[in-house]
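Protein sequence lines, in the order shown, are assigned to chains S and C. According to our numbering, the first sequence is numbered sequentially starting from 2. According to our numbering, the second sequence is numbered sequentially starting from 7. Everything on this sheet refers to the single structure shown next.
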Amino acid sequence: MLSAMASQEEATRQRAVLVVEDEILIRSAVAEFLRNVGYRVIEAADAAEAVAIFASRTQIDLVFSDINMPGPMDGLGLVRWIADHHPGIQVILTSAISHARSAGRSGAGFLPKPYRLAEAARRIASLLNDPPQEEA
Amino acid sequence: MAADDHSPSETSPSTILVIEPDILVRMTIADYLRSCGYKVFEGVTADDVVTVLGTEHKIDIVLVEVLLTGSMDGFALAQWLREKHPAVDVVLTSGIAKAAEQAADLCDEGPLEKPYHPQEVVRRINILRERRRTAPQA
Numbered sequence: 002m003l004s005a006m007a008s009q010e011e012a013t014r015q016r017a018v019l020v021v022e023d024e025i026l027i028r029s030a031v032a033e034f035l036r037n038v039g040y041r042v043i044e045a046a047d048a049a050e051a052v053a054i055f056a057s058r059t060q061i062d063l064v065f066s067d068i069n070m071p072g073p074m075d076g077l078g079l080v081r082w083i084a085d086h087h088p089g090i091q092v093i094l095t096s097a098i099s100h101a102r103s104a105g106r107s108g109a110g111f112l113p114k115p116y117r118l119a120e121a122a123r124r125i126a127s128l129l130n131d132p133p134q135e136e137a
Numbered sequence: 007m008a009a010d011d012h013s014p015s016e017t018s019p020s021t022i023l024v025i026e027p028d029i030l031v032r033m034t035i036a037d038y039l040r041s042c043g044y045k046v047f048e049g050v051t052a053d054d055v056v057t058v059l060g061t062e063h064k065i066d067i068v069l070v071e072v073l074l075t076g077s078m079d080g081f082a083l084a085q086w087l088r089e090k091h092p093a094v095d096v097v098l099t100s101g102i103a104k105a106a107e108q109a110a111d112l113c114d115e116g117p118l119e120k121p122y123h124p125q126e127v128v129r130r131i132n133i134l135r136e137r138r139r140t141a142p143q144a
């Protein structure tokens, strides 16, 4: 009974996407689009901020991260950190440079830049097994 | 609309650019402002403000932490905005003592001292919007 209630609660909970992107205009555009299709979105400007969000125990269902970012950890490093500390969290990496092979090896999905926002949302929904969502 | 009402004071929502290097503080205040109906951009440095203001996005208010890394701190950014973008209002926030004295000529009410309540941010925003709305046109 309790587990049924828990799974129903899980099914109706708003999914949370952590967008990790150092360019504010790209980050804001992606985040706004994802909010409009119904996700809770947390914005991080680099991998260190993403790690801080996980440390705060904020609920995260999926990470959508750029690969090339300033700081000691890039997107591929972030994928490795997530695999070590939060296995089960899905990651989609993006980059203007083709990193499809590296991303594939890391277990993350890859979406090359420039991407259409609707395509990003579709990939996220697909990984989270969410039904396709319309922009509000 | 009363200045302490916790919602945007105009029919079209104001756009707030929150510049805060601590992601947990930034996330909390940005989420709160969105829940109040504002459109919110989130940034980390003064360079983010310059970038956003270089586009077609209209920003009404910049809520900025005094202590920033990069080319400008919050004080310098407020001064730059006053010179280059006088239509943009600024609310400074700070965890450091004495900031109010330093900010006296930049921000009429002085910086919001941390920890601040998100509702206090909205109250400040509404005061600024009301002041801007009722100011004589140049």
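All C-beta atoms, glycine included, are put in the ideal place defined by N, C-alpha and C.
Sub-8 Å separation of residue i and residue j beta-carbons
i                           : j                         : result
valine 97 of chain C        : leucine 87 of chain C     : no
glutamate 48 of chain C     : valine 24 of chain C      : yes
glutamate 24 of chain S     : alanine 32 of chain S     : no
arginine 16 of chain S      : aspartate 85 of chain S   : no
isoleucine 90 of chain S    : isoleucine 98 of chain S  : no
aspartate 67 of chain S     : glutamate 22 of chain S   : yes
phenylalanine 55 of chain S : isoleucine 125 of chain S : no
leucine 59 of chain C       : isoleucine 65 of chain C  : yes
tyrosine 44 of chain C      : serine 20 of chain C      : yes
valine 70 of chain C        : threonine 99 of chain C   : yes
serine 107 of chain S       : leucine 128 of chain S    : no
leucine 118 of chain C      : valine 127 of chain C     : yes
leucine 30 of chain C       : alanine 122 of chain S    : no
arginine 28 of chain S      : valine 20 of chain S      : yes
valine 42 of chain S        : valine 18 of chain S      : yes
isoleucine 93 of chain S    : glycine 110 of chain S    : yes
leucine 35 of chain S       : threonine 61 of chain C   : no
Interface residues of chain S facing residue i [CB-CB closer than 9 Å]
i                        : result
valine 58 of chain C     : Ile25, Leu26, Ser29
isoleucine 65 of chain C : Per Cβ cutoff of 9 Å: no residues; isoleucine 65 of chain C is ~11 Å from chain S at best.
threonine 61 of chain C  : Leu26
Proximal residues of chain S, C-beta to C-beta of residue i below 7 Å
i                        : result
isoleucine 29 of chain C : Ala45, Glu50, Ala53, Ile54
threonine 21 of chain C  : In chain order: nothing, as chain S lies at least about 11 Å away.
Nearest-angstrom Cβ-Cβ length linking residue i and residue j, presumed shorter than 8 Å
i                         : j                        : result
threonine 51 of chain C   : threonine 75 of chain C  : 6 Å
leucine 112 of chain S    : threonine 95 of chain S  : 5 Å
alanine 49 of chain S     : glycine 72 of chain S    : 6 Å
aspartate 53 of chain C   : serine 77 of chain C     : 6 Å
isoleucine 133 of chain C : isoleucine 22 of chain C : Not really, about 14 Å apart at Cβ, beyond 8 Å.
Quick one: which residues of the segment 41-56 of chain C get their C-beta closer than 7 Å to a C-beta of chain S? List them in chain order.
-> Cβ contacts with chain S come from Phe47, Glu48, Gly49, Val50, Asp54.
Pull out every residue of the segment 81-99 of chain C whose Cβ sits closer than 7 Å to any Cβ of chain S, in chain order.
-> Along the segment 81-99 of chain C, there is no position whose C-beta sits under 7 Å from a C-beta of chain S.
Quick one, which residues of the segment 67-81 of chain C are near chain S if we go by CB-CB under 8 Å, in chain order?
-> none
If you measure beta-carbon to beta-carbon, which residues of the segment 40-56 of chain S are closer than 8 Å to chain C?
-> Ile43, Glu44, Ala45, Ala46, Glu50, Ala53, Ile54
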